[in-house]
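To start, the structure itself, in structure tokens.
In structure tokens form, the structure reads like this:
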């Protein structure tokens, strides 16, 4: 569990919080194998036996004061007595992980779900209202997925278009049963329930014995023809192009189908839904005409109109999926408007991921799904953050849903080691921290389940397909941290973690954009940076009448703040906040919202302000980081650059590079080694591109050199982009200072 705070020295009072203008909160990556310093938790048993405070329900930790008969809660100060069992346990403190470490991960006895067959279940739902190219990509992706699945897993193959296809691959020849989707939305469901068409255990096949048959079934998949879709919907062939992708009906039926096995056959089923376009048939169909209309409309802001969901169907369906133990990952492969603003809820609210690929030609989908299945994940998670009594959690951010009864309790359906969540803080009362010498305490409890293989061998030592067993383990992970209140504003500034500040800022601006539009979101970000600059100058300036030209917007006396203007400028230039008029596809904006709101702070900072590294040769690094400007490239005089944008890795050879340097760089050089390591350390597969300046089109690489670009997107300037942005911040900061002097 990694926990990073925006400031390591907390503001001592509400006045100090307002005066510093810094975001106050934490970013939490609960299922990370190590903490933010690289240290693993202390593990053990007894997660169900840790004493809890009678007043605030916090867990006993190594930060608590222990006495012979009891302990004092580190969060609220309540004195709690030990029961007989705890008293006996704590007579041997060395055997109690919670007394020796502030970061523990303990198994909960008897909470593993006795009687539940904890079989890993995976289902592929494939769109057949598609092109041949799309289908070939999906076949490649599913073959990669089969290699990543552990033996003993169950796998089901379903297709959808104007009908649902269920595949039974457990016999010698793949058998498919079709159920037609009614085109009339007023009809009540399918004519035949999926369970009646094919029993669930015939649909779910053991991967270890049926892998070849599953692969054979994939080879039989063909796109449905326009004639076939027209005949099913009762239209003539030339009218069929309007319909044929019954995604909503198919997902609703699949969730109901799988729900019969929840708690008996499986504890969690993961569905991979592959889409080639917007649902346009049956329940949950989406009207994609609103995208075209926004271009031509007058008086309607496309920067606002295309961000909210069109219908609540998929959000409601996600709630049903959660109750059925189903997690859905959506893989959309299309450059057409698909309305991900509506579809995203089915994935992120059921614990899944949303992926978007513009085309099938150079898609990283096979690598992404293999990577997704190869990393460990937890499910059925409950995340709870508690604080000491002087402050409390305010807003919470991330792909979870709040508990309907308890505050600051979030439920996470499926969580991997990259998934990150955020909280901001507020004071409980106007006095702030009542005793500035005492540390503020944050405790994060994360209860989760994992499936662990427990192989059984036959008498002769061989492993039969039926002998793969899995056990369901319930665990409790607790992290307790202390933060000292700052004595003054300068201490707060000196303790800032700019990546975490950006992390919470991005969460806030995403919500603002969905609610009020991209323009308002951009305004909010610019206004915050201007306020931060004004507050910084007010704190450090001895003369309140500081002239405008003397306002320090580079935070020259505080290294921890110096990267923030660049990060904010890059955020405003990112597709997340670029205006619709610049050609940002609304689905791509939604994809970035979903991706960015799940990233940990360092990855998010890289996605917002990419890392540019120079090399003097493929085997020698020249400089670890440059600003994103053409001037930086010219001044460096290095011939080779590696640009890491998180989603892309671009190797750029300048036109002046030595012709003897091999292009692309050889696989055994330092540059390639660096690339391979970067690809391994992230949740998605970055797309690798090689560009030779002077010979290849350099537009992609140059588009990331943002510091010469106008922040409002009016076009490239002669180099005044970031400079002009700084001046605009200086002007607004000066106005804030003058207004407060006048008042």
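Numbering (the UniProt record's numbering), first residue to last: 1 to 743.
For every residue, glycine included, the Cβ atom is placed at its ideal position computed from N, Cα and C.
Fair warning: this is a prediction, and the values are worked out from it, not measured in the lab.
* Hey, would you say residue 393 sits closer than 8 angstroms to residue 374, going by beta carbons? -> no
* To do: Please specify which runs of the alpha helix (DSSP H), each continuous and at least 4 residues long, are wholly inside the region 660-735, giving them in chain order.
  => 670-680, 699-703
* Put residue 458 into one of helix, strand or coil per three-state DSSP. => Per-residue confidence for residue 458 stands at a pLDDT of 49, beneath the threshold of 50, marking its modelled position as unreliable; no derived number is given.
* Asked: For residue 308, which residues of its own chain have a beta-carbon under 7 angstroms away from its beta-carbon, when the five flanking residues on both sides are left out?
  -> 341, 514
* To do: Count the other CB atoms, across all protein chains shown, that sit within 10 Å of the CB of residue 37; report buried if there are 16 or more and exposed otherwise.
  => exposed
* Beta-carbon spacing of residue 3, residue 28 below 8 angstroms -> yes
* Asked: Taking Cβ to Cβ, would you say residue 47 is nearer than 8 angstroms to residue 128?
  -> Between residue 47 and residue 128, the C-beta gap is not smaller than 8 angstroms, which leaves the two residues out of contact.
* In chain order, what residues of the same chain lie with their CB nearer than 6 angstroms to the CB of residue 388, ignoring the 5 residues before and after it? -> Counting only Cβ-Cβ distances below 6 angstroms, and skipping sequence neighbours, we find 75, 440, 441.
* Taking the runs of the beta strand (DSSP E) that are 3 residues or longer, which of them lie wholly in the region 380-453? -> 391-397, 409-416, 421-427, 440-453
* Asked: Alpha carbon to alpha carbon, what distance is there between residue 498 and residue 744?
  -> Residue 744 lies beyond the stretch modelled for the chain, which goes from 1 to 743, so this question has no answer here.
* **Residue range of the unbroken alpha helix (DSSP H) whose run includes residue 71** => Per DSSP, residue 71 belongs to no alpha helix (DSSP H); it is in the beta strand (DSSP E), 70-72.
* Asked: Beta carbon of residue 378, beta carbon of residue 399: below 8 angstroms?
  -> For the pair residue 378 and residue 399, the CB atoms are not nearer than the 8 angstroms cut-off.
* Terminal residues of the continuous alpha helix (DSSP H) containing residue 523? -> 518-540
* Determine which residues share a DSSP beta bridge with residue 614 and list them. => 623, 641
* To the nearest angstrom, report how far apart residue 616 and residue 639 are at their CA atoms. => 6 angstroms
* Tell me whether residue 359 sits in a helix, a strand or coil according to DSSP, three-state version. => coil
* To do: To the nearest angstrom, report how far apart residue 15 and residue 533 are at their CA atoms.
  => 17 angstroms
* Asked: Can you name the start and end residues of the alpha helix (DSSP H) that residue 479 belongs to?
  -> Segment 470-485 is the beta strand (DSSP E) holding residue 479; no alpha helix (DSSP H) there.
* Asked: According to the Cβ coordinates, are residue 177 and residue 193 closer than 8 angstroms?
  -> no
* **Nearest-angstrom Cα separation, counted from residue 306 out to residue 517** => 9 angstroms
* **Pairwise C-alpha distance: residue 126 and residue 224** => Going by the C-alpha atoms only, they are around 12 angstroms apart.
* **residue 239 - DSSP class collapsed to helix/strand/coil** => Per-residue confidence for residue 239 stands at a pLDDT of 40, beneath the threshold of 50, marking its modelled position as unreliable; no derived number is given.
* Asked: residue 58 by DSSP, collapsed to three states: which one?
  -> coil
* To do: Indicate whether the contact test is met: 3 or more Cβ pairs, each with one atom in the region 673-683 and one in the region 696-706, closer than 8 angstroms.
  => no
* Asked: Where does residue 251 land, buried or exposed, given buried means 16+ other C-beta within 10 angstroms?
  -> buried
* To the nearest angstrom, report how far apart residue 98 and residue 481 are at their CA atoms. => 13 angstroms
* **Rounded separation between residue 679 and residue 26 - CA only** => 27 angstroms
* Alpha-carbon spacing of residue 618 relative to residue 687, whole angstroms -> 19 angstroms
* Nonlocal neighbours in the same chain, by C-beta distance under 6 angstroms from residue 242, ignoring five residues either side -> Any reading at residue 242 must be qualified, since the residue scores a pLDDT of 42, below 50, and its modelled position is unreliable; the value itself is stated next. Counting only Cβ-Cβ distances below 6 angstroms, and skipping sequence neighbours, we find nothing.
* residue 76 (DSSP reduced to helix, strand or coil) -> coil
* Fully enclosed by the region 269-353, which beta strand (DSSP E) runs are 3 residues long or longer? -> 269-275, 326-333
* Since residue 572 and residue 525 are thought to touch, with beta carbons under 8 angstroms apart, how far apart are those beta carbons, to the nearest angstrom? -> Rounded, the Cβ-Cβ distance is 6 angstroms, consistent with contact.
* 6 angstroms CB neighbourhood of residue 745 in its chain, flanking five on each side removed -> This structure does not reach residue 745, given that the chain is present from 1 up to 743, and the question cannot be answered.
* Straight-line Cα distance separating residue 405 from residue 521 -> 31 angstroms
* To do: Determine the burial state of residue 6: buried for a count of at least 16 other Cβ atoms within 10 Å of its Cβ, exposed for fewer.
  => buried
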